[in-house]
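Chains A and G are the protein sequences, given in the same order.
Under the working numbering, the first residue of the first sequence is numbered 2, with each subsequent residue one higher.
Under the working numbering, the first residue of the second sequence is numbered 3, with each subsequent residue one higher.
Okay, so here's the structure we're looking at.
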Amino acid sequence: MGGPPTIAFFPEASFGAALNCVGIARALRDKGARPVFICHAGFSGVFSEYGFQEHHLPASDTTAPETYWQDFISRHLPHFDLAPIDQIETYVAPTWEAIVDTAVEAEAPLFALLQRLRPDAVVVDNVVMFPAIARAGIPWVRVVSCAETELPDANVPPYLSGLKAGDAAGRAAFDARYQSVIGPIHARYNQFRARHGLPGLPPAQFLETSPWHNLLLAPSILRRDRAAPLDPALFTYLEGCVRQEAPFDVPDFARKAGPLVYVSFGSLGAMDTSLIQRLIAAFAEFPARFLVNVGGFRDAYRAVPDNVILERWFPQPSVVAKADLFIHHGGNNSFCEALYSGVPSIIMPYCWDGHDNARRAVETGTGYMLQRSDWAPEDLHKTIRTALDDLGMGDRLKANGRDMAAFSGVDLAAEKILAVARQREMPSVRGSTRMLRETWKP
Amino acid sequence: METSERRTSTPRPRQNHLDLARRILDLVRDRALGPGAHLPEQLLASQCNVSRTPVRAALKLLADQGVAVHEPGRGYRLSDDLVGASALFPRLPGAAEEDLAGRIIRDRAARRLDEAITVGEVARRYQSDRRTVLKALGALADDGLVSRAPGQSWVFAHLPDSPESQSDSIEYRLVLEPAALVLPGFALDHDRSAALRRELVALLAEPDERLDGGRFGRLDLEFHMLIARGAANRYLSEALAAHHRLRELPGATARVSVVRLRQSIQEHLQIIDHMEVGQFAVAADLLRVHLRLSGSQRPRAANRGAPPLAATPRRGG
Numbered sequence: 002m003g004g005p006p007t008i009a010f011f012p013e014a015s016f017g018a019a020l021n022c023v024g025i026a027r028a029l030r031d032k033g034a035r036p037v038f039i040c041h042a043g044f045s046g047v048f049s050e051y052g053f054q055e056h057h058l059p060a061s062d063t064t065a066p067e068t069y070w071q072d073f074i075s076r077h078l079p080h081f082d083l084a085p086i087d088q089i090e091t092y093v094a095p096t097w098e099a100i101v102d103t104a105v106e107a108e109a110p111l112f113a114l115l116q117r118l119r120p121d122a123v124v125v126d127n128v129v130m131f132p133a134i135a136r137a138g139i140p141w142v143r144v145v146s147c148a149e150t151e152l153p154d155a156n157v158p159p160y161l162s163g164l165k166a167g168d169a170a171g172r173a174a175f176d177a178r179y180q181s182v183i184g185p186i187h188a189r190y191n192q193f194r195a196r197h198g199l200p201g202l203p204p205a206q207f208l209e210t211s212p213w214h215n216l217l218l219a220p221s222i223l224r225r226d227r228a229a230p231l232d233p234a235l236f237t238y239l240e241g242c243v244r245q246e247a248p249f250d251v252p253d254f255a256r257k258a259g260p261l262v263y264v265s266f267g268s269l270g271a272m273d274t275s276l277i278q279r280l281i282a283a284f285a286e287f288p289a290r291f292l293v294n295v296g297g298f299r300d301a302y303r304a305v306p307d308n309v310i311l312e313r314w315f316p317q318p319s320v321v322a323k324a325d326l327f328i329h330h331g332g333n334n335s336f337c338e339a340l341y342s343g344v345p346s347i348i349m350p351y352c353w354d355g356h357d358n359a360r361r362a363v364e365t366g367t368g369y370m371l372q373r374s375d376w377a378p379e380d381l382h383k384t385i386r387t388a389l390d391d392l393g394m395g396d397r398l399k400a401n402g403r404d405m406a407a408f409s410g411v412d413l414a415a416e417k418i419l420a421v422a423r424q425r426e427m428p429s430v431r432g433s434t435r436m437l438r439e440t441w442k443p
Numbered sequence: 003m004e005t006s007e008r009r010t011s012t013p014r015p016r017q018n019h020l021d022l023a024r025r026i027l028d029l030v031r032d033r034a035l036g037p038g039a040h041l042p043e044q045l046l047a048s049q050c051n052v053s054r055t056p057v058r059a060a061l062k063l064l065a066d067q068g069v070a071v072h073e074p075g076r077g078y079r080l081s082d083d084l085v086g087a088s089a090l091f092p093r094l095p096g097a098a099e100e101d102l103a104g105r106i107i108r109d110r111a112a113r114r115l116d117e118a119i120t121v122g123e124v125a126r127r128y129q130s131d132r133r134t135v136l137k138a139l140g141a142l143a144d145d146g147l148v149s150r151a152p153g154q155s156w157v158f159a160h161l162p163d164s165p166e167s168q169s170d171s172i173e174y175r176l177v178l179e180p181a182a183l184v185l186p187g188f189a190l191d192h193d194r195s196a197a198l199r200r201e202l203v204a205l206l207a208e209p210d211e212r213l214d215g216g217r218f219g220r221l222d223l224e225f226h227m228l229i230a231r232g233a234a235n236r237y238l239s240e241a242l243a244a245h246h247r248l249r250e251l252p253g254a255t256a257r258v259s260v261v262r263l264r265q266s267i268q269e270h271l272q273i274i275d276h277m278e279v280g281q282f283a284v285a286a287d288l289l290r291v292h293l294r295l296s297g298s299q300r301p302r303a304a305n306r307g308a309p310p311l312a313a314t315p316r317r318g319g
């Protein structure tokens, strides 16, 4: 054959994973490879907009009602106010159920698609393994684009727990509850794997490390001190892996003075319009300019103050680069982009690894944490002022941002993926793959 | 779009002077006058059927924009460094009511103004007089952006700043724009086309980090207006021009990635190639492809940890 290697990206249906993969795919294309994307039908257009060919998995037969997302958010909004441990039953379990459903549903079409495409490597940026990828016999690379807690270790707090490092009692309580609630879902997932000839995974694990290679976004400044350090032959840290977007001109504010604060809670957070309304009312009383990502909900707002501009979508990395402060939900991409641009974060976590990132921001002095809804305007003002005035944090973050930018995570990721694509034989089981198997005591 | 209107301290030009300045520019183009050409007041006054006083005011306006220069004792001439479309087709500052209309619609788009407003409220907010406010609202009403409600209030129409409106806009233009090109009598303005080509080529040569979306937006509008102006059927021409004015409103066009932005510039250039040699049917086919590719297909919502996207209902296939 001898043509350029085809690299099939299969990101989770979320903007974080999708755009992270876009950054790596652009670097691969610059190196002569042919990246293509496999995606859920609901994500069509995202990758072709960046010039990549898309292959869609068929949409499920059941058409969602017009109010699908509104129903989803009204059901879960109260849960986002709960402590991470109390979200296990209310949010985490139903989410895992749905994720397992997707994997089951995607299996046959994904297998057929991979047989047709015959890529030289598959890049999986997801939280669950699709047996079709292992069955296809194609080398695959895992991207760990969640917080580093996604890879378990004795010294690392449990994934999604938001716990401090070293909180043994908290850990025991969280683990026990997590396993009792998630256990049945996990058992169903392991049965599904078994049906397709894959060994079961240890409790709470839905995705194994790749025997070929694994890429982690986690930048050094957030890195955990692991009891069992990750084998550098199998794991590469990418220092954030931030993509380049079109430049962003800061719009003209009617009230011009003050530092620039960018506010985005991702597309999920944008649906919580009542919280954003409260934030905007508080911003009106603070001497700064605020750019607020409101998704498709601009009509939910009125009497927007002169120091606030609402937009449906922002080229986030370019906006963060011009901001003095980034208020976000702790999504891993958002947090990495703040670090990459040397900008402090105020994290108001909703769910999932947002809790882990918020805790880690405080532990590492890279940002502040604020409970998402339990605050008075004075608390919010005080936190914003503290973050903006923290010159020590600002200097440290600027220096770290320069290091991250010099590192070029997207290029390193592309090189590692190309090296895997050139391999023909599956490497012998070693390192963390073995570790996961050995620690599983069913 | 954002730049000129905010300078509220400088007095706004009068509408008749602006109209006259535009007519003088038309004459310059019709007579293919080059950089440095003399602009005699008397001749312009008789050509435009007005006295010399308003012509002088219009020429001063052009001088303020850098299009003309004034030499004491010798009058006005075209500037020596006229280059690019922006020079021959400058964005003249708006009259006071135009400026106010722009600010009102921007503030509505930013959701600073409620759906219904009163003249008194607007006059207070913008420190303007009732007469100017009424003229501004009248201008917005002409474009279908506001309508008079019972009593003293005016009500805004639904602004075209949602994904649904953007999708409707693409569908509307798919019907009309190719038709404008293929109807007999399409007349391309070759000067505008050449100037636009130069600007598109210059933008395409910029590296990604300087590929300015705002600059692209202005050229995109200029490109599509070129087609609207060239249409032989005046109803078609007017409908398209009015629609493009709506597309100038904040939020009416979707932001695109640098990759799509480059593709879009290349598509514009290719269509211009065919229009310039009179291959309007080919240009129309390429325009259809360009518009279809420009249709935004972004999904509405999804997030890490959220249940996977179900078949979220979207419009436009």
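All residues carry an ideal CB built from backbone N, CA and C; glycine is no exception.
None of the values given here were measured: they were computed from a predicted structure.
Classify residue i as helix, strand or coil using the three-state DSSP reduction.
i        : result
G:LEU80  : strand
A:ALA135 : helix
A:GLN54  : strand
A:ASP126 : strand
G:VAL69  : coil
A:ARG244 : coil
A:PHE249 : coil
G:ALA87  : With a pLDDT of 41 at G:ALA87, under the threshold of 50, the modelled position of that residue is not reliable, and no figure is offered here.
G:HIS160 : coil
G:THR120 : strand
A:SER319 : helix
G:PHE282 : helix
A:GLY355 : helix
A:LEU261 : strand
A:LEU311 : strand
G:PRO15  : coil
A:GLY43  : helix
G:LEU41  : strand
Leaving aside the five residues before and after residue i along the sequence, list all residues of the same chain whose C-beta is less than 7 Å from its C-beta, in chain order.
i        : result
A:ARG49  : The sequence as given places Ser at residue 49 of chain A; Arg does not occur at that position. Within the same chain, A:SER49 has close Cβ partners GLU55.
A:GLN424 : PRO140, TRP213
A:LYS399 : GLY343
G:ARG58  : GLU43
A:GLN180 : PRO204, ALA205
Give me, in chain order, the residues of the same chain whose beta-carbon lies closer than 6 Å to that of residue i; leave out the 5 immediate sequence neighbours on both sides.
i        : result
G:ASN235 : LEU185
G:GLY122 : none
G:ILE119 : TRP156
A:ALA104 : VAL129, PHE131
A:LEU381 : ALA283
Grab me the residues of residue i's own chain with a C-beta within less than 8 Å of its C-beta, minus the 5 sequence neighbours each way, in chain order.
i        : result
A:THR274 : VAL295, PHE298, ALA301, TYR302
A:PHE249 : PHE315, PRO316, SER319, VAL320, ALA322, LYS323
A:PRO5   : GLY33, ALA34, ARG35
A:ILE134 : PHE11, LEU111, LEU115, VAL123, VAL125, TRP141
What whole-angstrom Cβ distance do residue i and residue j have, given they're in contact under 8 Å?
i        : j        : result
G:SER195 : G:GLU278 : 6 Å
A:VAL145 : A:LEU216 : 7 Å
A:ILE310 : A:PHE254 : 6 Å
G:LEU295 : G:GLN265 : 7 Å
A:PRO378 : A:ALA283 : 4 Å
G:LEU41  : G:TYR78  : 4 Å
A:CYS147 : A:ALA414 : Actually they do not touch by this definition, with Cβ atoms about 16 Å apart.
Within 7 Å: the Cβ of residue i and any heavy atom of the ligand COA?
i       : result
G:GLN44 : The model depicted lacks the ligand COA and carries no ligand whatsoever.
List the DSSP bridge partners of residue i.
i        : result
A:ASN215 : A:ARG143, A:PHE236
A:THR7   : A:ARG35
A:GLY171 : None; A:GLY171 has no bridge partner.
A:ILE328 : A:VAL264, A:ILE347
A:PHE193 : Paired residue(s): none; A:PHE193 is not in a bridge.
message = Between the region 240 to 254 of chain G and the region 215 to 227 of chain G, can you find at least three pairs of beta-carbon atoms closer than 8 Å?
response = Yes: the two stretches touch, three or more of their Cβ pairs being nearer than 8 Å.
request  = Would you be able to state if there are at least three C-beta pairs under 8 Å between the region 117 to 133 of chain A and the region 313 to 325 of chain A?
outcome  = In this structure the region 313 to 325 of chain A does not touch the region 117 to 133 of chain A; the number of beta carbon pairs closer than 8 Å is below three.
query = When the Cβ atoms of the region 173 to 181 of chain G are set against those of the region 274 to 292 of chain G, are three or more pairs found closer than 8 Å?
reply = Here the region 173 to 181 of chain G makes contact with the region 274 to 292 of chain G; the two share three or more CB pairs at distances below 8 Å.
ask   = Hey, is the region 354 to 367 of chain A in contact with the region 157 to 168 of chain A, meaning 3+ C-beta pairs nearer than 8 Å?
value = Segments in contact, yes.
query = Just checking, does the region 210 to 217 of chain G make contact with the region 159 to 175 of chain G on the three C-beta pairs under 8 Å criterion?
reply = Between the region 210 to 217 of chain G and the region 159 to 175 of chain G, the count of Cβ pairs shorter than 8 Å is below three; the stretches do not touch.
ask   = Does the region 147 to 155 of chain G come close enough to the region 253 to 261 of chain G to have 3 or more Cβ pairs within less than 8 Å?
value = Of all C-beta pairs linking the region 147 to 155 of chain G to the region 253 to 261 of chain G, fewer than three are shorter than 8 Å, placing the two stretches out of contact.
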